[in-house]
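See structure below.
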Amino acid sequence: MPARTTTPATTTPPPATSQPSHIPALWLALLATPIAAGANSPVLILPEMAGSFGVGPATVTWFVTTFAWAMAVGTPLMASLLRRRGLRTTLRVSTFLILAGTLLVAVAPWMALALPGRAAQAVGGAGLVTSAMSLAGSVRRMGVITAGFGILGAVGPLLGSLIADALSWRVSLTVSALALLALPVVTRSAPRTSPRPTTPFDARGASLLIALATALVFVPHHPLPAAVAALVAGVLLTLHIRTRPDGFVPATLMRTPTFLLSALLACALATSYFALLFTVPQLLAARTDWSTTTIGTGQLVALLLGSLLSWLLAAASARMGRRRVLALLITLGALAPLTAALSPWAPLLLLVAAMAVFTTTAGNATLAVYATQAAPDAQRPTVIGLFNLCYQLGGAFGPATAALIMLA
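Numbers in our numbering are just positions in the sequence shown, counted from 1, shifted up by 335.
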C-alpha cells in the first residue's frame, strides 16, 4: 500500500510538474473543455462529410472512432510527458498537435489523410485536459472542468451542425482549437523548471498499455479478435509491471484500492452515460409522438441541467463526506439505466438523461481527486492519465452498448 498524503479531502496539492494552482478555474475549463465539443461536433454532420469524401455512412464513422481511440491512448502518453518533462513542454507539444491536426483536417482532400489530423487533435486535446486537471487542485475546481465537459459535450452536436450550415463541416471540426485561447494565462503561471526523470522511459510498458487500450476500444466493433488481443496484451502488461514496478504503469497504483475503485467506477458511469446518450432519443421516439426537434431540444436541456448540478455536488462534496458522495453517485448511476428500461412514463426519460450526465461529470470531479490523493505527488500526472483512460474507455463501450440494446 503506498504512502497516502495527509491532504484534507477538499484539496489536492498539484504534482511537482504543475505547482501553480492559483490559475482561475474558468481558464482551466477553457483549456480543457473545448475538446468535448470537438469530439461530438461530427455527430449530426456525418452524412455531409461522407458525401464530401465520396464514402459511405459506415466508413465516415471512423472519424468518431479514431478520435475516441486517440483520446484513449493519448491520455496516458501525455500524462507521462507531463510527469517527465513538465507543464510547459506538455503545453507546447499539445499546441503543435492541435494546430497541425486542425490544419490537416481543414485541407485534406481524402479521408485517409484527414483521419491522422483528427487523431492529432485528440492527442493534443488529451494533453491539455491532463494539464488542466493536474492544476485543478480541489474537487470544486475540478467540478468546474468536468461540468464544462458535460455542457460542451451536450452542445457539441448542435454546435457542429450550426457551424457546418453557416460555413463548412470542416470548420466545425476546428472547435477544439478554442482551447488555445487559454494558453497565455496558463503558460504565464507554469513553472519554468522541468523535472528531471530519475528512470528511463518505459517504452515497453507504454506500448503494451496502448495495445491493451486499442484492443478494448475495438471490442464493441470486433468482439472476438479484439477480446483475444486485449487478453494477451493484459497478461503481457501484468508480467511487465512485475518486472518493471516503477515503469509506465506503476505497480503501486495497481495495489491501491482507492485508485482502482475510482477508475473502475468512472468507467462504469461513463459507459452508462454514453449508452443512455444514444438510447434515450430512440426510446422517446418509440414511446411518444414528439418530433425529432422536440426530442433533441429536450435532451439538450436535460444534459445542460445535469451538468450544472454536477458542479454543485462537486462544490458541496467536502461537506457531504466521501461516503455520502459515493453512495449518491452509485445510487443515481444505477437508477438511470433502470428507470430508462422500466419507466412507463416516457417524459421521465429526460430525467434519466440529466441523471446520467450528472453522475458521470460529478463522478469525474470527485473520483479524480480521490484517486490522486491515494498516490504520491510524483505519480499524480500518471494517475490522472490512467484515470482519464478509464473514462475514455467508457466513451467507447457506451455507444456499442446502446446499439446492442436497440437491436435486442
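All C-beta atoms, glycine included, are put in the ideal place defined by N, C-alpha and C.
| Reference Ala461; option with closest CA among Ser387, Ile370, Pro492, Gly491 | Ile370
| field | Spatial neighbours of Gly641 in its chain, beta-carbon cut-off 6 angstroms, leaving aside the 5 residues before and after | value | Ala689, Val692, Phe693
| Hey, would you say Thr424 sits closer than 9 angstroms to Leu416, going by beta carbons? | Here Thr424 is near Leu416, since their CB atoms are less than 9 angstroms apart.
| task | Spatial neighbours of Leu547 within its chain, please: CB distance less than 7 angstroms, with the 5 preceding and 5 following residues excluded, ordered by chain position. | result | Ala565, Ala568, Gly569, Leu572
| Mapping DSSP to helix, strand and coil, what is Ser415? | helix
| Contact belief for Leu635 with Leu494 at Cβ below 8 angstroms, rounded distance in angstroms | Not quite, the Cβ-Cβ distance comes to about 11 angstroms (not below 8 angstroms), so this is no contact.
| query | Skipping 5 residues on each side, what residues in its chain have a beta carbon closer than 8 angstroms to that of Trp362? | reply | Ala517, Val520, Val521
| said: Across the region 722-740 and the region 548-563, are there enough close Cβ pairs to call them in contact, namely three or more that are closer than 8 angstroms? | reply: yes
| Less than 9 angstroms separating the beta-carbons of Ile407 and Gly436? | Reading off the sequence shown, one finds Ala at residue 407, where the question assumed Ile. In this structure, Ala407 lies away from Gly436, with their beta-carbon atoms at least 9 angstroms apart.
| Alpha-carbon to alpha-carbon, Arg418 and Ala578 | The amino acid at residue 578 is misidentified as Ala; the sequence shows Thr. In this model, Thr578 and Arg418 are separated by some 21 angstroms (Cα to Cα).
| field | Val718 classed as buried or exposed, judged by whether at least 16 other C-beta atoms fall within 10 angstroms | value | buried
| task | Tell whether a beta-carbon distance below 9 angstroms holds between Val464 and Ser376. | result | no
| request: Report the residue from Phe583, Ser473, Gly633, Ser466 whose alpha carbon sits nearest the alpha carbon of Ala525. | output: Ser466
| message | On the criterion of 16 or more Cβ atoms from any shown chain inside 10 Å, does Cys725 qualify as buried, or is it exposed? | response | buried
| query | When the Cα atoms are used, what is the spatial distance from Val563 to Ile358? | reply | Distance between the alpha carbons of Val563 and Ile358 is about 45 angstroms.
| Going by other Cβ atoms of all chains shown within 10 Å of its Cβ, with 16 needed for buried, is Ala735 buried or exposed? | buried
| Inter-residue CB distance, Val440 and Leu366 (contact presumed, cutoff 8 angstroms) | By a beta-carbon distance limit of 8 angstroms, Val440 does not contact Leu366. Their separation comes to about 21 angstroms.
| task | In the DSSP assignment, find the alpha helix (DSSP H) that holds Ala443 and state where it starts and stops. | result | Where Ala443 is concerned, there is no enclosing alpha helix (DSSP H), given that its DSSP letter is neither H nor E.
| In angstroms, rounded to a whole number, what distance separates the CA positions of Gln727 and Pro444? | A straight-line Cα-Cα distance of about 29 angstroms links Gln727 and Pro444.
| query | What's the gap between the Cα of Ala482 and the Cα of Val428? | reply | 26 angstroms
| Out of curiosity, what's the CA-to-CA distance linking Gly485 and Leu663? | 18 angstroms
| task | Go to Ile545, then tell me how far its alpha helix (DSSP H) extends in each direction, as first and last residue. | result | Counting along the chain, Ile545 sits inside the alpha helix (DSSP H) bounded by residues 538-553.
| query | So, using beta-carbon positions, are Ala372 and Gly459 closer together than 9 angstroms? | reply | no
| message | Measuring straight from C-alpha to C-alpha, what distance separates Thr701 and Arg476? | response | So the alpha carbons of these two residues sit roughly 10 angstroms apart.
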